[in-house]
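Scroll down for the structure; my scribbles are underneath it.
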Amino acid sequence: PFKVNGVPLRRANQRYCIATSTKIDVSGVDVSTVTDAFFAREGKKKSKSKDAEGMFEQATGNAGRSDEQKASQKKVDEAMTKSLSADVKSYLKARFSLTA
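Per the numbering used here, numbering of the sequence shown is gapless, rising by one per residue and ending at 114.
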């Protein structure tokens with residue numbers, strides 16, 4: 015949950031996930047709004063202009079997360095953090111790395 019460890023809802027490849035014996039009850043969490051379209055990025059249209067100005071892209075900045083995604087994140091976090099004990103919250107907050 016974002017409120018616990020600062021990680022937003024995102025799609026992760028299973029190869030990058032590390033399995034542990036920790037179990038979290040997510041039966042009360044409504045994830046009906048989280049679909050493939052939730053994670054899709056907006057497509058950019060590239061123009062093929064041959065003038066000098068078209069050769070360099072304009073810096074548009076990151077669009078960030080939409081209001082719909084932020085609302086879904088809050089709804090999922092609220093339902094999930096209710097079932098977490100203090101020990102599990104501290105476990106999820108701990109920084110992890112594979113190097114010593």
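Built from N, CA and C at the ideal position, the CB exists for glycine as well.
Being a predicted model, the structure only gives us computed values, none of them experimental.
V43 is the residue among V43, V102, D81, F110 whose C-alpha sits nearest the C-alpha of V90.
V40 and K96 have their C-alpha atoms spaced approximately 10 angstroms apart. A direct Cα-Cα distance of roughly 33 angstroms separates F52 from T113.
With fewer than 16 other beta carbons inside 10 angstroms of its own, P22 counts as exposed. Contact check for K107 against N19 passes: the beta carbons are separated by less than 8 angstroms. In its chain, beyond the 5 residues on either side, S86 have a beta carbon closer than 7 angstroms to the beta carbon of T47.
The beta-carbon distance between T36 and V102, rounded to whole angstroms, is 7 angstroms. This is short enough to meet the 8 angstroms contact definition.
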